[in-house]
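Following: one structure in structure tokens, then a few remarks.
Protein chains: 2
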Amino acid sequence: MTAGTQPGTRSRIVAAAVALFAEQGYDATSVNQVVARAGVAKGALYHHFESKDDLLYEVYRELVERQLAGLTEILAARNPPPQALRAIIGDMVATTAARAAEAKVFFRESHRLTDANQQRVRAARRQIHDAVTELVRQAQQQGDFAAVASPEMVTFTVFGVINELPVWYSPDGPKTPQQLATELADLVLSGLAGSAPMPRGIA
Amino acid sequence: MTAGTQPGTRSRIVAAAVALFAEQGYDATSVNQVVARAGVAKGALYHHFESKDDLLYEVYRELVERQLAGLTEILAARNPPPQALRAIIGDMVATTAARAAEAKVFFRESHRLTDANQQRVRAARRQIHDAVTELVRQAQQQGDFAAVASPEMVTFTVFGVINELPVWYSPDGPKTPQQLATELADLVLSGLAGSAPMPRGIA
DNA sequence: CACTTGACCGACCGGTCGGTCGGTCGTAGG
DNA sequence: CCTACGACCGACCGACCGGTCGGTCAAGTG
């Protein structure tokens, strides 16, 4: 009522698109379906977005920015590797669970982005991946982690679970995201504790 | 030359479809592209397959049958849990790496299958999932594995990496599938060795 | 009041999609 | 030699796709 614009037309379009993309996939969703769900006309969508691909990219941009911000903050704290890795897992699991639909689209449809947009997303993802790998590598060199597997394998393992989480996670499920994050962190850190060095207790 | 049929028209269609689905995705690939790549006419495709969905299902059927057969064989051997889990990881990594294109399509496009076909595939996948979970659960009860995480989380972790493997694995990469499988098994088994109960040696 | 602006509308467009179907052709059976 | 048949061909179909564009209308400005 205040201004000449209905509140959140743009965000309603994005929300409708995310829901439909998550349910059906990007290609299987027509822009007509999106505008019908959002309750607007086709012209409104193309008033706010350049193309269907631009709409998809919007989903990615928001999620990847959030994850990158969380990671940067955690690394800046410069805590010991076990705590840092646990914090990273906790943050990633939390954001993935909270935005499960977006995450589902994210990891399933990335190949459908325009080349330019795809490169931007991949660059951010690689940045996250490399940061975690480097954390593990340094911790192994300093003896904080056992060298039971390469840093790359540890990273792939952690993100493997997290990326697939939106496939099976449900808010109505028996476990909260916090519990899931704790379990995953326990498993990974137990593995990285190895059999040789410190017998750090796991609550 | 022997019979009236060109050798492998059907399999050439499947191979072309797998390659294109892996490169571009299922929806983004037209049947015209498939027949062009296979070097046949459209009629040939619809002579061998009922629909485009049927063609997609063919990819799934073959892969899931192979994986289920491998798993059954391993479980039938009734080896101790650590060896069994290591064998399962080895088998899954090997088949996934050997058929990376199929696996990529598999885990990315499962939601595009017809409901009936999707249920069949999901049933087989759940069977695999449940078998591994049960293996872990029993091993934890008997003290062979530490209870650092729930059996479900262990399973999700193992299949998380494996399902994402086709995204980053390359035959030209520095590591063989065997090496990757060993690393992953080392990491997971090290985690499951835990620090609480018996320090069972890991070969 | 006239005029501008920008959010939004929806009929419409060229093109492509998955799928069809009447026809051709090489081989096997009689 | 004739007929039957399965494998395969490719022009064609209606539906629907993503995207366009001339128009409408409410609020802001002077």
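If you're matching them up, the sequences are chains A and B in order.
Count along the first sequence from 1, add 22, and you get the number used in my numbering.
Count along the second sequence from 1, add 22, and you get the number used in my numbering.
Glycine residues also receive a C-beta, built at the ideal position from the N, C-alpha and C atoms.
Given the structure is predicted, the values throughout are model-derived calculations rather than measurements.
Residue i, buried or exposed, once every other Cβ within 10 Å from all chains shown has been counted against 16
i, result
"Ala-119(B)", "buried"
"Gly-195(A)", "exposed"
"Arg-134(B)", "buried"
"Gly-30(B)", "exposed"
"Arg-222(A)", "Confidence at Arg-222(A) is low in this model, with a pLDDT of 37, below 50, so its placement is unreliable and the value that follows should be read with caution. Arg-222(A) is exposed by the Cβ-count criterion."
"Ala-203(B)", "buried"
"Arg-148(A)", "exposed"
"Ala-215(A)", "buried"
"Thr-117(A)", "buried"
"Asp-152(A)", "exposed"
"Asp-137(B)", "exposed"
"Gly-213(B)", "buried"
"Asn-185(B)", "buried"
"Ser-52(B)", "exposed"
"Thr-177(B)", "buried"
"Ala-207(B)", "buried"
"Pro-102(A)", "exposed"
"Thr-94(B)", "exposed"
"Pro-219(A)", "The pLDDT assigned to Pro-219(A) is 38, lower than 50, so where the model puts this residue is not dependable, and the model offers no usable value."
"Gly-26(A)", "The predicted position of Gly-26(A) is uncertain, since its pLDDT is 36 and thus under 50; a value taken from the coordinates is nonetheless stated next. When all chains shown are included, Gly-26(A) counts as exposed."
Reference residue i, options the options, closest by Cα
i, options, result
"Phe-43(B)", "Glu-80(B), Val-176(B), Gly-213(B), Ala-215(B)", "Glu-80(B)"
"Ile-35(B)", "Arg-108(B), Ala-50(B), Val-170(B), Ala-66(B)", "Ala-66(B)"
"Phe-71(A)", "Arg-32(A), Thr-155(A), Ala-168(A)", "Arg-32(A)"
"Gly-182(A)", "Glu-87(A), Ile-111(A), Gln-200(A)", "Ile-111(A)"
"Tyr-48(A)", "Phe-128(A), Pro-188(A), Asp-152(A)", "Phe-128(A)"
"Met-175(A)", "Val-189(B), Leu-157(B), Leu-209(B)", "Leu-209(B)"
"Gln-46(A)", "Leu-107(A), Lys-126(A), Ala-171(A)", "Lys-126(A)"
"Ala-50(B)", "Ser-132(A), Phe-167(A), Arg-59(A)", "Ser-132(A)"
"Leu-107(A)", "Thr-155(A), Val-170(A), Asp-75(A)", "Thr-155(A)"
"Gln-105(A)", "Leu-157(A), Gln-163(A), Thr-179(A)", "Leu-157(A)"
"Gln-141(B)", "Arg-83(B), Lys-64(B), Gln-160(B)", "Arg-83(B)"
"Val-189(B)", "Ala-122(B), Pro-173(B), Val-57(B)", "Ala-122(B)"
"Ala-171(B)", "Asp-166(A), Gln-201(A), Ala-58(A)", "Gln-201(A)"
"Arg-144(B)", "Glu-87(B), Ile-96(B), Val-180(B)", "Glu-87(B)"
"Gly-92(B)", "Asp-76(B), Leu-77(B), Ala-109(B)", "Ala-109(B)"
"Lys-74(B)", "Ala-99(B), Ala-38(B), Leu-97(B), Arg-100(B)", "Ala-38(B)"
"Arg-100(B)", "Asp-76(B), Arg-130(B), Gln-160(B), Ala-60(B)", "Gln-160(B)"
"Asp-76(B)", "Asn-139(B), Val-62(B), Thr-179(B), Ala-60(B)", "Asn-139(B)"
"Thr-179(A)", "Tyr-68(A), Leu-211(A), Ala-146(A)", "Leu-211(A)"
"Pro-173(A)", "Ala-98(B), Glu-205(B), Gln-164(B)", "Glu-205(B)"
"Leu-78(B)", "Gln-164(B), Arg-130(B), Ala-146(B), Leu-97(B)", "Arg-130(B)"
Beta-carbon contacts of residue i that lie in its chain and below 7 angstroms, excluding the five residues immediately before and after
i, result
"Glu-124(A)", "Val-40, Val-81, Leu-85"
"Ala-89(B)", "Checking the sequence shown, residue 89(B) turns out to be Gln, not Ala. Same-chain partners within the cutoff: Met-114, Thr-117, Ile-150."
"Tyr-191(A)", "Ala-119, Ala-122"
"Ala-63(A)", "Val-57"
"Val-55(A)", "One point to set straight first is that residue 55(A) is Gln, not Val, in the sequence displayed. So the list reads Leu-42, once near-sequence residues are dropped."
"Ala-60(B)", "Arg-34, Ile-35, Ala-38"
"Ala-146(A)", "Val-86, Leu-90"
"Ile-96(B)", "Ala-106, Ala-109, Ile-110, Asp-113"
Contacting residues, own chain, Cβ-Cβ under 6 angstroms from residue i (five flanking each side not counted)
i, result
"Thr-198(B)", "none"
"Gln-162(A)", "Ala-169"
Contacts around residue i, its chain only, beta-carbon distance under 8 angstroms, and the 5 residues preceding and following it disregarded
i, result
"Asn-166(A)", "Looking at the sequence itself, residue 166(A) is Asp, so the reference to Asn does not match. Correct list, in chain order: Pro-102, Pro-103, Pro-104."
"Leu-187(B)", "Val-115, Thr-118, Ala-119, Ala-122, Ala-125, Leu-202"
*Going along the chain, which unbroken runs of the alpha helix (DSSP H) with 4 or more residues stay wholly within the stretch 91-136 of chain B?*
You should have 103-120, 122-131.
*Could you name each continuous beta strand (DSSP E) segment of 3 residues or more that falls completely within the stretch 141-188 of chain B, going from the start of the chain to the end?*
Listed in chain order, there is nothing to give.
*Note down, one range per segment and in chain order, each alpha helix (DSSP H) of at least 4 residues found wholly within the stretch 23-85 of chain A.*
Within the stretch 23-85 of chain A, the complete alpha helix (DSSP H) runs of at least 4 residues fall at 31-46, 53-60, 64-70.
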